[in-house]
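Q: So the sequence shown is numbered by the numbering used here: it starts at 3 and just counts up by one.
Here a beta-carbon is modelled for each residue, glycine too, at the ideal position from N, C-alpha and C.
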Amino acid sequence: MTLLAIRNLTKRFGGLTAVDSLTINVKSGGVHGLIGPNGSGKSTVLNLISGIYRPTEGSIALSGAEITGIKPNQRAKIGVGRTFQNIRLFPTLTVLENVMLGRVTQQRSSPMGIILNSPLMRREVEETTEMARKALRFMSMEAFANEYHRNLPYGHQRLVEIARVLASGAKLMLLDEPAAGLNSSEKKNLGSLLTRMCDVFGSTVLLVEHDMRLLMSVSSTVSAVNFGKLIVTDSTANVQSNPDVIKAYLGAGSSK
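The following block contains the structure:
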């Protein structure tokens with residue numbers, strides 16, 4: 003079943019075409035890798051899917067529903083979660099509080115209900131706390147729940163970001179370079195977590211990742227792009243042996 007459908011997606015910045023008539027289907031469940039050389043448009047694609055950029059042309063659908071014109075917070079509410087290349091955690095909040103923020107768009111309490119601490123508000127806080135703890139527990143990070151993220155090793159901070167997306171209940175998780183700055187042991191752990199996350203929670207991940215060994219080991223399907231255009235979408239093995247991909251990316255000595 004197709005979860006995400008991108009059709010003829012184009013994004014121009016002045017005279018530069020960053021994404022060019024891109025069409026990709028992402029099936030529900032598992033990891034779908036997105037690869038390409040530096041400047042090939044990968045992060046731009048994630049920005050278009052999450053609503054940070056509006057496309058010049060084309061459409062984006064989630065579970066068959068058109069989402070092209072809706073705002074980022076609305077996309078988050080219907081199940082599009084996101085991490086970024088640079089860590090984006092709040093320094094004055096604890097690890098648990100940072101993860102709880104992932105569920106802000108799912109809350110139904112009115113401003114007055116928040117002020118008055120209504121029963122609905124209290125129930126939502128309890129549910130949000132439990133979801134956040136569940137996500138941290140899955141990441142083996144619950145022991146750090148009351149720590150400030152700045153006191154944690156860099157690799158742990160990366161896991162907190164992923165836990166926040168997991169706690170949001172996102173149908174589609176957009177992960178942009180989640181292994182950046184991690185050592186080999188941390189990367190191995192991350193790969194295991196991504197695979198188990200899809201198995202345990204039924205998560206769907208669209209993964210942009212610098213480390214090809216990691217991406218290829220966890221992805222069942224990979225889309226390769228170059229100059230904003232799709233080269234191929236195929237199984238991991240077929241993409242690795244595709245001559246056009248090798249020419250554009252894998253054999254080019256590119257760092258991304």
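Compare the C-alpha of threonine 58 against each of Arg14, Gly43 and Ser65 and name the closest.
A: It is Arg14.
Q: Could you give the DSSP three-state label for threonine 70: helix, strand or coil?
A: In the structure shown, threonine 70 sits in coil (DSSP, three-state: anything other than H, G, I, E or B).
Q: Use the C-beta contact count for glutamate 163: other C-beta atoms within 10 angstroms, 16 or more gives buried, fewer gives exposed.
A: Burial call: buried.
Q: Can you give me the Cβ contacts of isoleucine 117 inside the same chain, cut-off strictly under 8 Å, excluding the 5 residues immediately before and after it?
A: Residue confidence is low: isoleucine 117 scores 42 on pLDDT, short of 50, so the model does not pin down where it sits. Its coordinate-derived value is still stated next. Result list for isoleucine 117: empty, nothing under 8 Å.
Q: Look up lysine 231 in the DSSP assignment and give the residues it is bridged to.
A: Answer is Asn228.
Q: Any beta carbon from chain B within less than 8 Å of asparagine 148's own beta carbon?
A: In the structure shown, chain B does not exist; there is a single protein chain.
Q: If you drop the 5 nearest sequence neighbours on each side, which residues of the same chain put their C-beta closer than 6 Å to that of phenylalanine 86?
A: Result list for phenylalanine 86: Asp178, in chain order.
Q: Between which two residues does the alpha helix (DSSP H) containing serine 45 stretch?
A: Here the alpha helix (DSSP H) through serine 45 covers 44 to 52.
Q: Work out the CA separation of serine 237 and methionine 175 for me, nearest whole Å.
A: Their Cα atoms are separated by approximately 20 Å.
Q: Please go through the same chain and pick out, in chain order, the residues whose beta-carbon is closer than 6 Å to the beta-carbon of lysine 221, but skip the five residues on each side of it.
A: The identity of residue 221 in the sequence shown is serine, whereas the question assumes lysine. Cβ within range, chain order: Val33, Gly35 and Thr238.
Q: Out of Asn88, Asn75 and Leu6, state which residue places its alpha-carbon closest to the alpha-carbon of glycine 183.
A: Nearest of Asn88, Asn75 and Leu6 to glycine 183, Cα basis: Asn88.
Q: Report the rounded CA-to-CA distance for methionine 114 versus proline 121, giving the unit in angstroms.
A: Interpretation of methionine 114 is limited by its pLDDT of 41, a score under 50 that renders its predicted location unreliable; the figure taken from the coordinates is listed afterwards. Whole-angstrom Cα-Cα distance: 12 Å.
Q: Where do the N-terminal and C-terminal ends of the beta strand (DSSP E) with glutamate 188 fall, by residue?
A: From DSSP, glutamate 188 is part of no beta strand (DSSP E) but of the alpha helix (DSSP H) over 186 to 203.
Q: Let me know the secondary structure DSSP gives glutamate 211 once reduced to three states.
A: Note: glutamate 211 maps to coil in three-state DSSP.
Q: Which residues does DSSP pair with phenylalanine 15 in a beta bridge?
A: DSSP lists Leu18 as partners of phenylalanine 15.
Q: If you follow the beta strand (DSSP E) that methionine 141 is part of, which residue opens it and which one closes it?
A: Segment: none, methionine 141 is in no beta strand (DSSP E) and carries neither H nor E.
Q: To the nearest whole angstrom, what separates the beta carbons of threonine 96 and glutamate 149, a pair I think is in contact under 8 Å?
A: Their Cβ separation, rounded to whole angstroms, is 6 Å, which keeps threonine 96 and glutamate 149 in contact under 8 Å.
Q: Quick check on DSSP: helix, strand or coil for tyrosine 55?
A: Coil, per DSSP.
Q: Could you round the C-beta distance between glycine 38 and lysine 44 to whole angstroms and report it? I think they count as a contact, below 8 Å.
A: Their Cβ separation, rounded to whole angstroms, is 5 Å, which keeps glycine 38 and lysine 44 in contact under 8 Å.
Q: May I have the straight-line CA-CA distance separating cysteine 200 from leucine 48, to the nearest angstrom?
A: Roughly 19 Å separates the two Cα atoms.
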